[in-house]
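Chemist: Questions regarding the structure given below will be posed in turn.
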Amino acid sequence: MQASMLEELVPVPNPYPVVSNVAYPEVWRLCEQARELAWNPAADIDYSDLKRADLPPEVRAAGAEWWSLRAWMEHGATPYGAERLREAIFLHQPFEIKQHITNFIAEEFRHHEVSFRIADALGGYEPTPRADYFRQIIPRFHDEKDEKAMSFFAGLSVNTLFEQLSGELLQARYENARFESIKESCRLVLRDEARHIQFGRIIMRRFFKDLSEEEKTVIGVKFAKKLRGSLLNGVYAVVNLPADERERSGRNRTLAAEYGLGATHPDDEINIIRRGVSKIRDDVGQYGVTIPQIPEIDDSSPGNVDAIAADAVAAPAAVKR
Ligand SMILES: [Fe+2]
Ligand SMILES: [Fe+2]
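As numbered in this note's numbering, residues 4 to 324 make up the sequence shown, in order.
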């Protein structure tokens, strides 16, 4: 073979040796639970209560918009998961880590499915966001720059901190739901999320005590950046949306919440997030990880919101959903 041809050979990642010994029994237990607790959004939920319900057209539209947004966000977790699975394979992580991430992908897909089925039953799933601001933000959810700046387990832990936060919001949406189909969907999604959160706790326990000071700082900074840059832009809350869109989508969320469609009132969201972040600060604080000041939740006096929103919209950060 000519030397010039050899130069063109691109190094191919090597998955060997393929590790099959269980190194993290608690993670393997989560994998077994995932099998025992699998559910089917198409067969296990009866959406006819939503189709039959006597709801004004604007409420149906608000509910469909809300559950379409939920569907996009759940879907947003799946390319993130695919990247982590690829890393886990080529980092030679043990079987149960790869299996857990595979379960995570499948579970986020079923959360996506149940959400678009609810949207459909309410009036029609919307495959793309309506507002321009959101079309601009969504591609950045899939920017891997921040993930790649952290080690594998540190990145996973940041992600699971967000699972914890979205679990808190989902709990409130479960409590809001007055339709059996939505209530049951939220319950089953929460049950899956509990495993995702548990995985985060396991890796924090296992890995956080050995992190360098620098990496601890990075984790706190990335958490705050994701929350401010994307999740408060209509995903977890509407606080960082441009004013006109904040008003429009806030009104629709309010309508969906008033009719018990498994939504949260915009005023409640920020309080739930504030409580959630406070718990997360306690959780990670015991490992020496500090989450920096987040003005939207640490200082959300009304006059401050517009200035903060403009600042955050100008520089959205990557996030999974
Ligand atoms: Fe999910
Ligand atoms: Fe999740």
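No residue lacks a Cβ here, since even glycine has one placed at the ideal position from N, Cα and C.
Since the structure is predicted, the reported quantities are computational estimates derived from the model, not experimental observations.
Rank Tyr83, Asn162 and Gln167 by C-alpha distance to the C-alpha of Arg194 and give the top, closest one.
Modeler: Of the candidates Tyr83, Asn162 and Gln167, the one whose C-alpha sits nearest the C-alpha of Arg194 is Gln167.
Chemist: Output the residue ranges of the alpha helix (DSSP H) runs that lie fully inside the region 219-264 and measure 4 residues or longer, sorted by chain position.
Modeler: Segments of the alpha helix (DSSP H) lying fully in the region 219-264: 246-261.
Chemist: Report yes if the C-beta of Ala74 is less than 7 Å from at least one heavy atom of ligand 1; otherwise report no.
Modeler: Not so, every heavy atom of ligand 1 lies at least 7 Å from the Cβ.
Chemist: Given 8 Å as the limit, is there contact between the region 111-125 and the region 179-191, that is, 3 or more CB pairs closer than that?
Modeler: Contact holds: three or more Cβ-Cβ distances are below 8 Å.
Chemist: How far does the alpha helix (DSSP H) with Leu191 in it extend, from its first residue to its last?
Modeler: It spans Glu183 to Phe210 - the alpha helix (DSSP H) in which Leu191 sits, taken as one unbroken run.
Chemist: Identify the continuous alpha helix (DSSP H) that holds Ser377 and give its terminal residues.
Modeler: Past the boundaries of the shown model lies residue 377; the chain is included only from 4 to 324, so the question cannot be answered.
Chemist: Within the continuous alpha helix (DSSP H) that includes Ile104, where are the two ends?
Modeler: Looking at the DSSP string, the run of the alpha helix (DSSP H) that includes Ile104 is Phe98 to Leu125.
Chemist: Please go through the same chain and pick out, in chain order, the residues whose beta-carbon is closer than 6 Å to the beta-carbon of Pro20, but skip the five residues on each side of it.
Modeler: Excluding sequence neighbours, Pro20 sits near nothing in its chain.
Chemist: Just the C-alpha distance for Cys220 and Ser154, rounded to the nearest angstrom, thanks.
Modeler: First, the residue type needs correcting, since residue 220 is Thr and not Cys in the sequence shown. When rounded, the distance between both Cα atoms is 13 Å.
Chemist: With contact counted as at least three CB pairs below 8 Å, one residue from each stretch, are the region 246-262 and the region 50-69 in contact?
Modeler: With the cut-off at 8 Å, the region 246-262 and the region 50-69 touch.
Chemist: Can you name, in chain order, every residue of its own chain whose Cβ lies under 6 Å from the Cβ of Glu218, other than the five neighbours on each side?
Modeler: Ala157.
Chemist: Hey, would you say the C-beta of Val117 is under 7 Å away from at least one heavy atom of ligand 1?
Modeler: Because no heavy atom of ligand 1 lies under 7 Å away, the Cβ of Val117 does not count as near it: no.
Chemist: Buried or exposed, going by whether 16 or more other CB atoms sit within 10 Å of the CB of Ser252?
Modeler: Ser252 comes out buried.
Chemist: Hey, would you say the C-beta of His145 is under 7 Å away from at least one heavy atom of ligand 2?
Modeler: Checking every heavy atom of ligand 2 against the Cβ of His145, none is found closer than 7 Å.
Chemist: Does DSSP classify Arg55 as helix, strand or coil?
Modeler: It is helical.
Chemist: Nearest CA to the CA of Gly127: which residue from Glu39, Ser71 and Phe182?
Modeler: Among Glu39, Ser71 and Phe182, the Cα nearest to that of Gly127 belongs to Ser71.
Chemist: Buried or exposed for Pro18, please, with buried defined as at least 16 other CB atoms from any protein chain shown within 10 angstroms of its CB.
Modeler: Exposed: under 16 other Cβ atoms inside 10 Å.
Chemist: Just to check my reading of the structure: Leu33 and Arg198 have Cβ atoms closer than 8 Å, yes? What is that Cβ distance to the nearest angstrom?
Modeler: Leu33 to Arg198, Cβ: 5 Å. Contact.
Chemist: Out of curiosity, what's the CA-to-CA distance linking Lys101 and Glu250?
Modeler: Approximately 42 Å, taken between the alpha carbons.
Chemist: Let me check understanding here. Comparing Cα to Cα, which of Met207, Asp270 and Ile104 lies closest to Gly288?
Modeler: Looking at the Cα atoms, Met207 is the closest of the given residues.
Chemist: Could you give the DSSP three-state label for Leu214: helix, strand or coil?
Modeler: Here Leu214 sits in coil by DSSP.
Chemist: Skipping 5 residues on each side, what residues in its chain have a beta carbon closer than 6 Å to that of Gly66?
Modeler: The residues are Leu125, Ala259 and Leu264.
Chemist: CA-CA distance, Phe119 and Ala74?
Modeler: About 6 Å.
Chemist: At the level of alpha carbons, what is the spacing between Val25 and Glu171?
Modeler: The alpha-carbon atoms of Val25 and Glu171 are separated by roughly 31 Å.
Chemist: Measuring from the CB of His114, is there a heavy atom of ligand 3 at a distance below 7 Å?
Modeler: As presented, the structure is devoid of ligand 3, carrying ligand 1 and ligand 2 as its sole ligands.
Chemist: Tell me the rounded alpha-carbon separation between Asp247 and Ser184.
Modeler: Roughly 32 Å separates the two Cα atoms.
Chemist: So what does DSSP say about Leu88, is it helix, strand or coil?
Modeler: It is helical.
Chemist: Using only the alpha-carbon positions, how far apart do Leu40 and Ala80 sit?
Modeler: When rounded, the distance between both Cα atoms is 20 Å.
Chemist: Using only the heavy atoms of ligand 2, determine whether one of them is closer than 7 Å to the beta carbon of Ala85.
Modeler: It does not: the Cβ of Ala85 is nowhere closer than 7 Å to a heavy atom of ligand 2.
Chemist: Between which residues of its own chain and Pro319 is the CB-CB distance below 6 Å, once the five residues before and five after are set aside?
Modeler: Since pLDDT at Pro319 reaches only 35, below the 50 mark, its modelled position is unreliable, and no value is offered.
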